[in-house]
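J.:
Protein chains in written order, with this note's numbering: chain W, 2 to 624; chain L, 27 to 505.
Written as structure tokens, this is what we have:
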């Protein structure tokens with residue numbers, strides 16, 4: 002395999018950015034087509050020139066050129082393509098393509114149309130850099146690049162204060178994670194003297210376990226920020242302020258999974274450091290708590306956002322217990338079904354005048370049938386009903402977790418039930434029952450440019466899980482064999498995989514039935530829905546008051562110190578005071594020296610003479 | 027009688043020929059633009075021939091007996107002079123048309139002054155240095171007082187002449203003392219004699235007087251006081267001219283004698299040069315802070331820049347010389363650019379020389395504001411402009427050669443900070459102040475605009491891709 006297809010893969014989105022970014026304001030609606038064609042070209046390359054050759058056994062690890070040299074530091078722009086990267090490339094380009102097409106319709110009347118496609122192409126470019134890099138620093142470039150695009154797109158509607166605030170929140174919370182990632186990079190360089198994956202992994206066994214634990218935990222801090230895990234998940238629900246295709250692409254399918262990818266990429270380090278259980282526990286607890294918050298939320302997109310946080314938790318639980326293939330498998334299936342669900346949510350918003358409150362919906366099934374059926378596919382997939390995709394990948398994670406710690410498996414199982422419940426609660430509230438929206442709203446199906454991507458995306462959302470049949474010996478697991486499941490080796494096969502499938506399917510069915518009993522079996526009076534929550538529900542609706550706790554314990558003290566100590570005392574008083582004093586002093590000296598510039602030639606000549614006398618005096622007398 | 031190698035002298039011959047031709051053309055044509063055109067073409071031809079010689083030359087070549095030494099060093103300085111003179115001619119056209127007098131002579135004087143600079147840069151004889159210096163200076167005296175009916179111009183010419191003659195006398199005295207010790211005025215013959223005469227007080231007095239002479243020409247503190255008065259009074263294009271080429275020529279001979287011939291006793295003069303550099307930078311920048319006239323501000327700024335270039339001399343090695351060459355090239359381009367922008371800002375009634383008159387220009391004349399901002403940033407040494415790379419090179423070479431001179435570099439950087447104040451103050455005026463009265467600007471003069479745009483391209487190109495120029499400036503010592 003040569004480096005050419007990788008370069009082309011990156012080139013097309015980049016060209017899209019250049020054209021749309023510089024000339025977009027003059028090109029009008031054609032920018033959407035340009036952006037989409039750029040991604041389509043990359044998608045074709047991803048399938049035929051990268052994914053299929055990699056399935057056939059091809060590999061690539063090549064430095065293109067040296068990017069930075071300073072002392073012993075040498076960083077190259079280089080690419081590493083293996084099965085893991087190929088799967089990521091395929092997922093990213095495929096989901097991006099559908100979402101680009103969809104956005105042509107969804108963003109049709111937006112004045113920032115070309116800006117949207119510029120950012121979207123830039124995002125794909127950065128994401129592809131992230132997954133194709135052959136060293137940590139270049140990965141970090143992509144990592145920050147997608148972060149930037151995320152920020153720009155969350156605040157895309159910058160006239161809205163809530164959107165700007167959400168963008169800032171995402172950026173700042175991610176800084177905390179990125180700070181950890183950066184410290185991890187520094188530690189890697191200090192320990193290994195290089196950033197290249199291959200060299201690092203080859204030397205990893207020589208390092209002391211303390212160094213490896215530090216590196217992996219710091220990298221994991223980065224993953225926690227980017228992939229919205231406890232305690233840094235708070236930015237993702239707010240990120241729903243961005244346009245819905247953005248929520249779908251960046252905040253569900255691709256960018257937020259970068260943390261999972263990074264840990265899978267760093268698998269040799271995590272294996273040697275034995276910190277997998279930390280990762281797994283953070284993941285499974287996030288999965289559980291995010292699911293509980295999704296149970297009571299009435300905002301269509303926020304339910305999906307908490308669901309994303311929860312599903313990302315599953316992925317971390319998977320890679321944490323060493324089942325890297327399972328984690329990546331779930332990453333892939335989730336990208337399809339969650340991307341699909343966000344797009345359907347966008348379709349609902351499109352038909353409902355941007356309404357997001359499910360309490361004001363109901364009975365939309367007949368008004369927008371394609372949206373309903375495609376959403377149902379996604380919901381069944383995430384709930385874990387066979388043979389839909391989510392079942393295979395989630396079950397794979399639960400099975401691997403069971404081999405390691407029964408408790409992780411148990412929490413995961415309960416979470417699966419919660420997942421089925423909140424998803425079908427969403428379906429019953431939105432698509433079934435009596436209409437609760439106002440008479441001025443006229444729900445209608447979206448245009449074909451939006452519904453066709455829904456249908457096309459529903460196919461992999463339903464069926465992509467089939468590539469994983471066979472578990473550890475399945476096709477997908479064997480493809481990712483280089484990141485082989487530790488679970489296979491340590492598995493004692495105490496129970497067969499089949500035996501574990503039964504409870505998870507039962508739990509999912511129970512969740513669906515419960516949702517039907519509460520939200521589907523009878524008419525939902527809007528007044529009851531609008532009533533203020535009490536008890537446990539109140540705690541959940543207020544998201545465990547985490548945002549409030551962060552505000553009181555971190556943000557307020559920082560603001561207080563910044564304002565009353567750093568700004569008013571240190572900055573204004575000491576720093577400005579010193580600067581002004583020096584400036585005043587220097588200007589004073591200048592005014593004084595100016596007096597010597599009398600304009601008289603005699604005085605000037607005298608000054609020359611004095612200069613000569615002083616210099617000669619020094620040379621002839623003082624030396 | 028050694029063979030005279032004419033081909034090595036082509037740049038000087040072209041320049042001299044062009045000066046004479048300009049005089050003749052002036053007699054026969056009515057449009058004085060033709061004279062300017064001839065001058066431009068001649069300057070371009072000189073620069074091109076210098077570049078061709080430069081790219082083919084390996085070893086320095088003696089010509090005219092041993093009167094002159096054609097080297098990469100001298101040829102590169104020819105290109106500095108060529109670039110400066112070309113830009114100055116372009117920004118002069120408008121001013122000279124307005125003045126309606128003696129235009130032909132004006133261009134001839136500029137060209138002859140350039141010949142003098144070239145002689146200084148390629149001289150291998152102290153007498154030759156002096157001849158070049160005088161040829162250049164005499165032209166400059168006339169140019170500074172070129173508008174006899176303008177009192178300020180008159181005063182500028184007179185002051186420059188009186189003080190310049192004074193400095194020339196001291197310089198000549200220095201040459202005499204050195205000749206008395208060395209027994210020759212040939213620059214290459216000084217170095218071998220140094221072990222014998224290096225400690226002689228008379229020789230050292232001669233060296234000091236050379237420093238004073240050069241110090242006057244390049245306006246080092248405390249020999250600088252003529253500069254602000256001359257810059258302010260002289261016609262603006264002449265001020266631009268005096269601030270650029272002659273300063274580079276002074277430094278060319280200065281470095282040739284000190285970094286090369288007197289390198290063996292660098293311990294004797296290093297501290298003096300360092301102190302002069304420190305004084306020059308500091309006094310230049312500090313007084314520039316309180317100027318209200320932009321030409322005086324640029325005068326003090328150019329004094330400060332001479333201080334930075336002098337920092338490179340403290341390195342006293344090939345790197346230092348290269349960094350000074352680079353610095354002078356960049357300095358000439360950006361300084362003429364700044365003066366040219368002042369010319370572009372002329373109003374119906376007069377030139378715009380008061381800094382407060384620039385209030386609001388940034389939005390009323392966007393191109394002008396942009397150009398001025400760029401030159402100010404470059405003069406202050408901000409990336410990605412050429413001024414940044416130039417300063418960086420100078421400071422780096424000096425620090426590498428003499429780590430004990432770190433104090434000088436720290437002072438230089440602090441000075442750059444101070445200078446940012448008055449450079450950016452102009453930008454603040456242009457963009458953040460409202461004008462007190464509406465200024466009636468003339469449309470841009472296209473010749474001046476071409477010159478300023480060329481400067482702008484140079485400043486940005488060198489700032490972003492400095493490697494080409496750096497290759498040209500790489501010289502060995504004993505050039």
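No residue lacks a Cβ here, since even glycine has one placed at the ideal position from N, Cα and C.
Values in this document were obtained by computation on a predicted structure and should not be read as measured data.
#1: Could you tell me which uninterrupted alpha helix (DSSP H) segments, each at least 4 residues in length, are contained entirely in the segment 294-326 of chain L, listed from first to last along the chain?
#2: Determine which residues share a DSSP beta bridge with residue 626 of chain W and list them.
#3: Considering only residues of the same chain and omitting the five flanking positions on each side of residue 398 of chain L, which have a CB-CB separation below 6 Å?
#4: When you compare each of L:126, L:150, L:114 to residue 89 of chain L by their alpha carbons, which one comes out closest?
#5: Could you pull the start and end residues of the alpha helix (DSSP H) that residue 1 of chain W belongs to?
#6: Starting from residue 68 of chain W, trace the beta strand (DSSP E) both ways and give me its first and last residue.
#7: If we ignore side chains and look at the alpha-carbon of each, how far apart do residue 311 of chain L and residue 585 of chain W end up?
#8: For the putative contact between residue 269 of chain L and residue 361 of chain L, defined by C-beta atoms under 8 Å, what is the C-beta separation to the nearest angstrom?
#9: In or out: residue 385 of chain L buried (at least 16 other Cβ within 10 Å) or exposed?
#10: Applying the criterion that 16 or more other CB atoms from any shown protein chain within 10 Å of the CB defines a buried residue, is residue 546 of chain W buried or exposed?
#11: Which residues of chain L have a Cβ atom closer than 7 Å to the Cβ of residue 616 of chain W, listed in chain order?
#12: May I ask which residues mark the beginning and end of the beta strand (DSSP E) holding residue 87 of chain L?
#13: Closer than 8 Å, CB to CB, is residue 87 of chain L near chain W or not?
#14: Check the Cβ of residue 621 of chain W against every Cβ in chain L and list those closer than 8 Å, keeping chain order.
#15: Residues in its own chain within less than 6 Å of residue 36 of chain L by CB, not counting five upstream and five downstream?
#16: State the CB to CB distance for the pair residue 137 of chain L and residue 41 of chain L, rounded to an integer number of angstroms; the pair is presumed to be in contact (CB under 8 Å).
#17: Report yes or no: is there a C-beta of chain W within less than 8 Å of the C-beta of residue 189 of chain L?
#18: Rounded C-beta distance between residue 117 of chain L and residue 266 of chain L? I'm assuming under 8 Å.
#19: For residue 447 of chain W, tell me which candidate among W:6, W:344, W:416, W:211 has the shortest Cα-Cα distance.
#20: Report, in whole angstroms, the separation of the C-beta atoms of residue 1 of chain W and residue 361 of chain W, which I expect to be a contact under 8 Å.
#21: If you measure beta-carbon to beta-carbon, which residues of the segment 44-77 of chain W are closer than 8 Å to chain L?
#22: Any C-beta of chain W sitting closer than 8 Å to the C-beta of residue 329 of chain L?
#23: Counting only beta-carbon separations shorter than 8 Å, does residue 497 of chain L have a partner in chain W?
#24: Please confirm if residue 591 of chain W has its CB atom under 8 Å from at least one CB of chain L.
#25: Assign residue 372 of chain L to one of two classes, buried (16 or more other C-beta atoms within 10 Å of its C-beta) or exposed (fewer than that).
#26: Applying the 10 Å Cβ sphere with the 16-neighbour rule, what's the burial state of residue 476 of chain W?
#27: Is residue 286 of chain L close to chain W? Criterion is C-beta to C-beta, closer than 8 Å.
#28: Going by DSSP in three states, residue 143 of chain W sits in which element: helix, strand or coil?
#29: Would you mind listing the alpha helix (DSSP H) stretches within the segment 144-209 of chain W that are 4+ residues and don't spill past its ends, in chain order?
#30: Once DSSP output is grouped into helix, strand and coil, what is the label at residue 149 of chain L?
#31: Would you report the Cα separation of residue 209 of chain L and residue 424 of chain L, rounded to the nearest angstrom?
#32: Quick check on this structure: which residue in W:238, W:286, W:329 has the alpha carbon closest to the alpha carbon of residue 259 of chain W?
#33: Specify whether the segment 103-121 of chain W and the segment 13-28 of chain W touch according to this definition: at least 3 beta carbon pairs, one from each stretch, less than 8 Å apart.
#34: Residues of chain W with CB under 7 Å from residue 251 of chain L, in chain order?
#35: Determine the closest residue to residue 224 of chain L out of L:243, L:203, L:238, L:343, with distance taken between C-alpha atoms.
#36: Consult DSSP for residue 172 of chain L and reduce its assignment to one of helix, strand or coil.
T.: In short:
#1: none
#2: Limits of chain W in this structure are 2 at one end and 624 at the other, which puts residue 626 of chain W out of reach.
#3: The sequence position of residue 398 of chain L within the second chain is 372, counting from 1. Closer than 6 Å at the Cβ level, and outside the excluded window around residue 398 of chain L, lie 367.
#4: Position 63 of the second chain, counted from the start, is the residue given in the question as residue 89 of chain L. It is L:150.
#5: Absent from the structure is residue 1 of chain W, since the part of chain W shown begins at 2 and ends at 624.
#6: Here residue 68 of chain W refers to the residue found at position 67 of the first chain. Counting along the chain, the beta strand (DSSP E) containing residue 68 of chain W begins and ends at 61-71.
#7: Within the second chain, residue 311 of chain L is the residue found at index 285, counting from 1. Within the first chain, residue 585 of chain W is the residue found at index 584, counting from 1. So the alpha carbons of these two residues sit roughly 14 Å apart.
#8: Residue mapping note: residue 269 of chain L aligns to position 243 of the second chain, counting from 1. Residue mapping note: residue 361 of chain L aligns to position 335 of the second chain, counting from 1. Indeed they touch by this definition, with Cβ atoms about 5 Å apart.
#9: Reading the second chain from its first residue, position 359 is the one you call residue 385 of chain L. Classification for residue 385 of chain L: buried.
#10: Here residue 546 of chain W is taken as the residue at index 545 of the first chain, counted from 1. Result: exposed.
#11: Indexing the first chain from 1 puts residue 616 of chain W at position 615. Near residue 616 of chain W (Cβ distances below 7 Å), the residues of chain L are 234, 298.
#12: To locate residue 87 of chain L, count along the second chain from 1; it is residue 61. From DSSP, the beta strand (DSSP E) with residue 87 of chain L extends over 87-89.
#13: For the purposes of this step, residue 87 of chain L is taken as residue 61 along the second chain, with counting starting at 1. With 8 Å as the cut-off, residue 87 of chain L does not count as an interface residue toward chain W.
#14: Counted from its first residue, the first chain places residue 621 of chain W at position 620. In chain order: 227, 230, 231.
#15: On the second chain, position 10 is the one that residue 36 of chain L refers to. Within the same chain, residue 36 of chain L has close Cβ partners 75.
#16: Position 111 of the second chain holds residue 137 of chain L. Position 15 of the second chain holds residue 41 of chain L. Going by Cβ atoms, the distance from residue 137 of chain L to residue 41 of chain L rounds to 6 Å, so yes, they are a contact pair.
#17: Taking the second chain and counting its residues from 1, the one referred to as residue 189 of chain L is at position 163. It does: the Cβ of residue 189 of chain L has a partner Cβ on chain W nearer than 8 Å.
#18: Here residue 117 of chain L corresponds to residue number 91 of the second chain, with the count starting at 1. Here residue 266 of chain L corresponds to residue number 240 of the second chain, with the count starting at 1. Confirmed, about 6 Å.
#19: Start at 1 with the first residue of the first chain, and residue 447 of chain W comes out as number 446. It is W:344.
#20: What the structure shows of chain W is the stretch from 2 to 624, and residue 1 of chain W is not part of that stretch, so it cannot be assessed.
#21: none
#22: Here the question's residue 329 of chain L lines up with position 303 in the second chain. Output row for residue 329 of chain L: interface = no.
#23: Taking the second chain and counting its residues from 1, the one referred to as residue 497 of chain L is at position 471. Residue 497 of chain L does not count as touching chain W.
#24: Working through the first chain from its first residue, we reach residue 591 of chain W at position 590. With 8 Å as the cut-off, residue 591 of chain W counts as an interface residue toward chain L.
#25: As a working note, residue 372 of chain L is residue 346 in the second chain. Counting Cβ neighbours within 10 Å, residue 372 of chain L comes out buried, since at least 16 surround it.
#26: What you label residue 476 of chain W is simply residue 475 of the first chain in a count that begins at 1. Answer is exposed; the Cβ neighbour count stays below 16.
#27: By one-based count along the second chain, residue 286 of chain L stands at place 260. No, because no Cβ of chain W sits closer than 8 Å to the Cβ of residue 286 of chain L.
#28: In the first chain, counting from the first residue as 1, residue 143 of chain W sits at position 142. Reduced to three states, the DSSP call for residue 143 of chain W is helix.
#29: 162-193, 198-204
#30: Within the second chain, numbered from 1, the residue matching residue 149 of chain L stands at position 123. Three-state result, residue 149 of chain L: strand.
#31: Along the second chain, read from residue 1 onward, the residue named residue 209 of chain L stands at position 183. Along the second chain, read from residue 1 onward, the residue named residue 424 of chain L stands at position 398. Cα-Cα distance, rounded: 33 Å.
#32: Taking the first chain and counting its residues from 1, the one referred to as residue 259 of chain W is at position 258. Checking every option, the nearest Cα to that of residue 259 of chain W belongs to W:329.
#33: yes
#34: As a working note, residue 251 of chain L is residue 225 in the second chain. Per Cβ cutoff of 7 Å: 598, 605, 608.
#35: Mapped onto the second chain, residue 224 of chain L falls at position 198. The shortest C-alpha separation from residue 224 of chain L is found at L:203.
#36: Here residue 172 of chain L corresponds to residue number 146 of the second chain, with the count starting at 1. Residue 172 of chain L: coil per DSSP, three-state reduction.
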